[in-house]
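>
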């Protein structure tokens with residue numbers, strides 16, 4: 002039993018929490034904006050638990066969809082499904098259990114949030130299949146990872162104002178930037194097996210496009226600050242985030258696989274910088 006639980010934990014990528022963090026930061030941005038610096042405790046707990054459950058569910062369904070591809074990619078061939086240590090049927094049951102647990106949490110919130118959660122569930126379930134049909138799965142990932150933003154506003158305020166969609170757009174741009182850097186790690190393998198990504202689409206313009214999407218992210222976050230009347234602390238956080246974006250550009254300058262992966266991981270600090278600035282601004 003312990004060995005099965007270990008394999009399930011690996012399938013959910015609990016040993017690699019970067020996905021949870023990249024999903025959590027924009028959700029926390031939204032909760033603090035929507036709650037004017039004081040989100041309700043129940044809403045905060047529901048969303049933090051939901052982030053962990055849905056990210057885990059997303060990893061499971063992603064590996065289920067990619068179980069045939071992952072065997073041919075050096076970075077992923079040892080994953081439980083690709084290596085045959087977990088059966089496909091087990092993965093589907095685990096995905097359903099995690100999704101139902103997350104939905105049970107949402108049922109404690111208002112009707113609008115419950116309705117929006119159905120869209121979020123559809124995005125999470127269908128995202129892994131996008132890379133087969135379009136070179137833009139990173140945009141879809143941004144939508145899936147960012148759907149917690151309108152949900153957070155709905156849960157906290159009962160409405161989804163324009164500010165929520167500005168933050169949502171910022172998250173989509175951010176996801177395209179960091180996931181393109183991530184896709185650069187697997188670009189050669191993806192070409193061989195027919196998997197599509199923005200890293201392949203952008204080609205030698207990859208660094209430029211990442212920079213443009215990083216700039217768009219920061220610009221939209223500045224706009225969000227203007228719309229909500231944020232002050233020095235928030236913009237100081239955005240300044241730190243901008244410096245981190247420049248550091249990421251330096252990391253990917255030679256398109257080295259290891260360095261591109263480090264640039265991807267560095268986005269945890271980008272998300273933290275934005276949240277720390279927002280928290281500081283509200284506390285001030």
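Residue numbers (my numbering): 2 to 285.
Where a beta carbon is used, it is the ideal one built from N, C-alpha and C, also for glycine.
#1: Anyone know if the C-beta pair for residue 82 and residue 92 falls short of 9 Å?
#2: Taking the Cβ atom as the reference point for each residue, do residue 168 and residue 150 lie within a distance shorter than 9 Å?
#3: For residue 144, report the span of its alpha helix (DSSP H) as first-last.
#4: Considering just the uninterrupted stretch of the alpha helix (DSSP H) at residue 90, what are its terminal residues?
#5: Can you tell me where the alpha helix (DSSP H) holding residue 255 begins and where it ends?
#6: Where do the ends of the alpha helix (DSSP H) carrying residue 82 lie?
#7: Assuming residue 14 and residue 60 make a contact with CB atoms under 8 Å, what is their CB distance in whole Å?
#8: If we count the other Cβ atoms within 10 Å of its Cβ and call it buried at 16 or more, is residue 1 buried or exposed?
#9: If I measure Cβ to Cβ from residue 152 and keep anything under 7 Å in the same chain, skipping five residues before and after, which residues do I get?
#10: Output needed for residue 89: all residues of its chain with C-beta closer than 8 Å, excluding positions within five of it in sequence on either side, in chain order.
#11: Check for me: the alpha helix (DSSP H) holding residue 269 runs from which residue to which?
#12: DSSP three-state label for residue 111, please.
#13: Which residue's Cα is closest to the Cα of residue 226: 282, 53 and 16?
#14: Taking only three categories from DSSP, how would you classify residue 58?
#15: Mapping DSSP to helix, strand and coil, what is residue 41?
#16: For residue 188, does the three-state DSSP call read helix, strand or coil?
#17: Can you give me the C-alpha to C-alpha distance between residue 221 and residue 171, rounded to a whole angstrom?
#18: By the three-class DSSP mapping on this structure, what secondary structure does residue 162 have?
Looking at the coordinates:
#1: yes
#2: yes
#3: 138-147
#4: 89-107
#5: No alpha helix (DSSP H) holds residue 255; DSSP gives it neither H nor E.
#6: First-last for residue 82: undefined, no H or E at that position.
#7: 4 Å
#8: Absent from the model: residue 1. The displayed extent of the chain is 2 to 285, so no value can be given.
#9: 114, 117, 118 and 121
#10: 65, 68 and 82
#11: 268-284
#12: coil
#13: 282
#14: helix
#15: coil
#16: helix
#17: 5 Å
#18: coil
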